[in-house]
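These notes concern the structure reproduced below.
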Amino acid sequence: MEALNVTHFFFDIGGVLIQYDQERFIDELAEKYQVARRRLEPFFTVTMLKKVETGDISSGDFFHRYLQPVIKISYEEWIECFVHHYELNEPGMLLLKKLQQKGYATYLLSNQAEYNAIAIQKKFQHFYHLCKKNFLSYEMGLFKPDPAIYLEACKKAGIAPFEACFFDDKEENVQGAIAAGMKGIVYTNQISNELLSTIDQIK
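Just so you know, we're using the working numbering here: the sequence shown kicks off at 302 and counts up by one.
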């Protein structure tokens with residue numbers, strides 16, 4: 302985009318392109334499976350999620366070791382919980398598509414476990430075909446906001462970090478991108494609407 306002086310855009314998924322509210326998701330699990338919320342919360346800390354979202358432990362092993370003893374469901378049912386929760390975030394999707402229409406390269410860059418990716422693929426069949434490349438933490442063995450994940454993504458995209466901008470709804474992840482040499486914008490739907498107005502002015 303001319304104002305940012307970049308030609309490549311990386312998008313986080315949860316909170317940007319797909320609606321995901323972790324606190325509400327925990328509440329939904331607690332209510333549906335009649336489990337005390339405090340028993341679920343330890344499995345959603347950054348420290349715990351990092352294990353499965355970097356592939357240090359597989360999604361199946363993570364579920365069977367930690368979650369199944371508590372919520373007493375199958376791995377397939379666990380994935381269905383995410384399928385039920387996920388919805389597209391239309392302002393974010395519109396921003397992505399508008400940038401593509403203007404000829405900019407777009408990529409996905411997200412902290413995800415394999416079960417997240419399976420659920421997204423199941424609900425939104427063509428989601429992982431939206432962009433030029435997908436960079437998912439569990440496949441890369443890296444984790445936002447470590448600058449290494451942004452540098453590796455840029456390397457695999459064949460670009461220099463200064464050529465790219467990263468959208469994420471979390472400030473710390475945007476700061477990680479900036480530390481790697483990228484531009485970064487903390488995403489909100491309001492910001493998306495403002496950017497859409499700017500993009501529309503580009504010839």
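All C-beta atoms in this analysis are idealised placements derived from N, C-alpha and C, irrespective of residue type, glycine included.
Just so it is clear, the structure is predicted and the values come from calculations on it, not from any experiment.
Exercise. State the DSSP-derived secondary structure class of A465, mapped to helix, strand or coil.
Key: If DSSP states are grouped into helix, strand and coil, A465 belongs with the strands.
Quiz item: What is the rounded straight-line gap between the Cα of G315 and the Cα of I450?
Solution: Whole-angstrom Cα-Cα distance: 17 Å.
Quiz item: Whose CA, out of E388, N417, L397, S411, lies closest to the CA of E378?
Solution: Nearest option by C-alpha distance: N417.
Quiz item: Within this structure, are the beta carbons of L341 and V317 separated by less than 8 Å?
Solution: Cβ distance not < 8 Å, so L341 and V317 don't count as in contact.
Self-check item: Contact under 8 Å by Cβ, V344 with Y367
Solution: The displayed chain sequence assigns Phe, not Val, to residue 344. Yes, the pair counts as a contact, with Cβ atoms nearer than the cut-off.
Quiz item: Which residues does DSSP pair with N435 in a beta bridge?
Solution: Per the DSSP secondary-structure output, N435 pairs in a beta bridge with L409.
Quiz item: What are the residues that DSSP puts in a beta bridge with G485?
Solution: For G485, DSSP records a beta bridge to F467.
Quiz item: What three-state label does DSSP hand I460 in the structure shown?
Solution: Collapsing the DSSP output to three states places I460 in coil.
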